[in-house]
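Undergrad:
Chains as they are written, first to last, in full-length UniProt numbering: chain A, 1 to 315; chain B, 1 to 375.
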């Protein structure tokens, strides 16, 4: 990074709504050109953080700069340097594709000489070539979402905030959307994108895990997966996953257990014998495949990190 | 600055154009309400159903009774022979007024004694009752004059009593047409209702759709946003005033003796105040339902405390003070004065000043309250 100023820097960023602390003393640094995924359960504070960084909410405490500008002291300058797209689809349905683009271009005062070319770029990017005169409300979700991204980047913002942009969009369109995100990042755009799709987390340079208003972990997907979970992770299959899960929660040596599709992932305290676990299940009248050690996935890491249960102290 | 306002206006115009019902929704309520007010809103009391109990059965009593339907104010629906029957007619609503002429009416009249005539009126609608009673005394006065004349002519004697005749000359509305009174006021009432709700709903709708959030993250200024959002409603409001003025003058023949410029100026100030009010509503509402409820809560008091139908001078002092913060109060004075009196700024300046102050305060407060944040 060679001393280049971070695209986003937050220090002690806090937002309280009455007695409820939505975001609690969040520190975050995002370098130019990074794609950072904001992951966490609903209500964790992802949207609140993004809205503070966009100047839509005033922080209760702490500071942050975006593209080098202070979000509290220079909110209008910040707004000129960011693009924002919210989970709520927010284009004008009764306007055509071209009219929406022209509207947002005018709002950001894109010079008229450049507007035409940038609109053409956005239309191509959204895959809407030839449909410039279609009313936006007639477009399917994936197109609307790519057009919304096109509107958000018309003014070439160096920083882009995407708040669950892919919610409610089919997988194929999600995939295409992520391709767009990466091509923007390749052009040097810094992107903070929140999602609750785990597979999307893998597409990010770094992942910031947030729960109950706290930043729990931040790192590349690889780094996070190598995190010491404080035990060994095993996987087993059971025809009665619900009953097995309930039984496992009280089993000796089990730190945590969670259902992953038709499997169960069980985190065992160091030194616990996996074979003993199989015997435990049989003793409880449950059938299960023998536990086999696995490499933790991102989801395993998140489940572990978000859970309040402290890991047993490593010997 | 102008580029942003231009694209805002363009967007509003396009949205309006795409809505095939927009013109209908804007124009139809105005025209329909104007016609309802023009034809139905009247204080005049005509064809009052009347029951007659004539206990005298003389030439004079029949003569007096014939005076009633002759004016068109009363319509005799029943002739009864007993007080009970008359009471029943009033109780059942068959008749609103009852005329009772007691025995020896003609005799007393001839002797120069006071001849009693009893009138019973259903006071359920106090206004109608009062007006009907007014007509009765008019009719009786005419009857007396006719009778005295006839007597004087036949006897050749000069009437001894000095008769005072009151000549009523209502200025500006010589025929005392209710329509002339109502229609100028209707302009203000309709423009207020339409512009306040249009403004409030337009902003709240964007908030609900999420587009407001998208606009707020752009570097647009509050003033640019508010101008772009409200100029269309200002234009619609002026069109409302023009439409109702032209219809009122052309269809209902309400005279327009004043200056269109004074009307334009007054309308502009009034619309600014109405827009300010609509914006204030929008800043206090998260959803369209809330805006609807607030609008509903606000419009009726504004209407009642405007002097449109009920004279402000007759209100309790505390409510009279309230009328001073009601833009409709000033505008109705201006409208009636421009239509019927033809006076200008020299006379109306206090009302213009009141409107200007209200418009300034309401717009100012709404701009301050409109924050580019979601807090």
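Beta carbons are placed, not taken as given, at the ideal position from N, Cα and C, and that holds for glycine.
Remember, predicted model here, so these are calculated numbers, not experimental data.
Under 8 Å between the Cβ atoms of residue 294 of chain B and residue 359 of chain B?
TA: no
Undergrad: Compare the C-beta of residue 261 of chain A against all C-beta atoms of chain B and say whether one is closer than 8 Å.
TA: no
Undergrad: Going along the region 218-229 of chain B in order, which residues come within less than 7 Å of chain A, judged by CB to CB distance?
TA: 218, 219 and 220
Undergrad: Any beta-carbon of chain A closer than 8 Å to the one on residue 282 of chain B?
TA: no
Undergrad: Could one say the Cβ of residue 30 of chain A lies closer than 8 Å to chain B's Cβ atoms, at least one of them?
TA: no
Undergrad: Are the C-beta atoms of residue 108 of chain A and some chain B residue less than 8 Å apart?
TA: yes
Undergrad: I need the DSSP call for residue 94 of chain B, collapsed to helix, strand or coil.
TA: coil
Undergrad: Spell out whether any CB of chain A is found under 8 Å from the CB atom of residue 178 of chain B.
TA: no
Undergrad: Check the DSSP bridge columns for residue 79 of chain B and list the partner residues they point to.
TA: Within the DSSP bridge table, the entry for residue 79 of chain B names B/52 as partners.
Undergrad: Report all residues from its chain with a CB closer than 7 Å to the CB of residue 390 of chain B; omit the five preceding and five following residues, and keep chain order.
TA: An answer regarding residue 390 of chain B cannot be provided, because it is not within the stretch 1 to 375 covered by chain B.
Undergrad: Please return the same chain residues whose Cβ sits closer than 7 Å to the Cβ of residue 161 of chain B, not counting the five positions on each side in sequence.
TA: Confidence is the limiting factor: at residue 161 of chain B the pLDDT is only 45, short of 50, which leaves the residue's position unreliable, though a coordinate-based value still follows. Taking C-beta separations shorter than 7 Å and ignoring five residues to either side along the sequence, residue 161 of chain B has no partners in its chain.
Undergrad: Assuming residue 215 of chain A and residue 27 of chain A make a contact with CB atoms under 8 Å, what is their CB distance in whole Å?
TA: The beta-carbon separation of residue 215 of chain A and residue 27 of chain A, rounded to 7 Å, stays under the 8 Å limit for a contact.
Undergrad: I'd like the list of long-range same chain contacts for residue 9 of chain A, defined as Cβ closer than 6 Å, with 5 residues on each side in sequence excluded.
TA: 29 and 65
Undergrad: Taking the runs of the beta strand (DSSP E) that are 3 residues or longer, which of them lie wholly in the region 214-251 of chain A?
TA: 214-219 and 232-237
Undergrad: Which residues in the same chain have their Cβ closer than 6 Å to the Cβ of residue 163 of chain A, if we skip the five residues on either side of it in sequence?
TA: 47, 50, 86, 87 and 194
Undergrad: Distance cutoff 8 Å, beta carbons only. Does residue 121 of chain A sit that close to anything in chain B?
TA: no
Undergrad: By how many angstroms is the C-alpha of residue 210 of chain A removed from the C-alpha of residue 283 of chain B?
TA: 32 Å
Undergrad: Identify the continuous alpha helix (DSSP H) that holds residue 183 of chain B and give its terminal residues.
TA: Its alpha helix (DSSP H) spans residues 178-209.
Undergrad: Taking Cβ positions only, does residue 92 of chain A come closer than 8 Å to chain B?
TA: With 8 Å as the cut-off, residue 92 of chain A counts as an interface residue toward chain B.
Undergrad: Using a 10 Å radius around the Cβ and a threshold of 16 neighbouring Cβ atoms, would you call residue 150 of chain A buried or exposed?
TA: Of the residues assessed, residue 150 of chain A falls on the buried side of the cut-off, its CB having 16 or more other CB atoms within 10 angstroms.
Undergrad: Following the continuous beta strand (DSSP E) through residue 348 of chain A, name the residue where it begins and the one where it ends.
TA: Residue 348 of chain A falls outside the range modelled here, since chain A spans only 1 to 315, and no answer is possible.
Undergrad: Is there a C-beta anywhere in chain C that falls below 8 Å from the one on residue 7 of chain B?
TA: In the structure shown, chain C does not exist; the protein chains are A and B.
Undergrad: Going by other Cβ atoms of all chains shown within 10 Å of its Cβ, with 16 needed for buried, is residue 79 of chain A buried or exposed?
TA: buried
Undergrad: Starting from residue 25 of chain A, trace the alpha helix (DSSP H) in both directions and tell me its first and last residue.
TA: Run containing residue 25 of chain A: none in the alpha helix (DSSP H); it sits in the beta strand (DSSP E), 20-30.
Undergrad: Is it a yes or a no for the region 230-240 of chain A touching the region 265-283 of chain A, going by three-plus beta-carbon pairs under 8 Å?
TA: yes
Undergrad: Could you tell me which of A/241, A/248, A/243 and A/198 sits nearest to residue 224 of chain A, measuring between CA atoms?
TA: A/198
Undergrad: Between the C-alpha atoms of residue 355 of chain B and residue 321 of chain B, what's the straight-line distance to the nearest angstrom?
TA: 15 Å
Undergrad: Can you list the residues of chain B that residue 51 of chain A reaches, using a CB-CB cut of under 8 Å?
TA: 374
Undergrad: For the region 184-216 of chain A, which residues have a CB atom closer than 7 Å to at least one CB atom of chain B, in sequence order?
TA: none
Undergrad: In chain B, which residues lie less than 8 Å from residue 86 of chain A when you measure between Cβ atoms?
TA: 210, 213 and 214
Undergrad: Grab the span of the alpha helix (DSSP H) containing residue 131 of chain A for me, first residue to last.
TA: Residue 131 of chain A -> no alpha helix (DSSP H), and no H or E assigned at all.
Undergrad: Along the alpha helix (DSSP H) that carries residue 354 of chain B, what are the first and last residues, could you check?
TA: Taken as a continuous stretch (DSSP letters only), the alpha helix (DSSP H) holding residue 354 of chain B covers 345-369.
Undergrad: Taking the C-alpha atoms as reference points, what is the distance between residue 139 of chain B and residue 74 of chain B?
TA: 11 Å
Undergrad: Between which two residues does the beta strand (DSSP E) harbouring residue 85 of chain A extend?
TA: 82-85
Undergrad: For residue 332 of chain B, collect the residues of the same chain with a Cβ closer than 7 Å to its Cβ; drop the 5 residues on either side in sequence, then sort them by chain order.
TA: 185, 188, 306, 307 and 308
Undergrad: Which one or two residues does DSSP pair with residue 9 of chain A in a beta bridge?
TA: Note: residue 9 of chain A sits in a beta bridge opposite A/29 and A/65.
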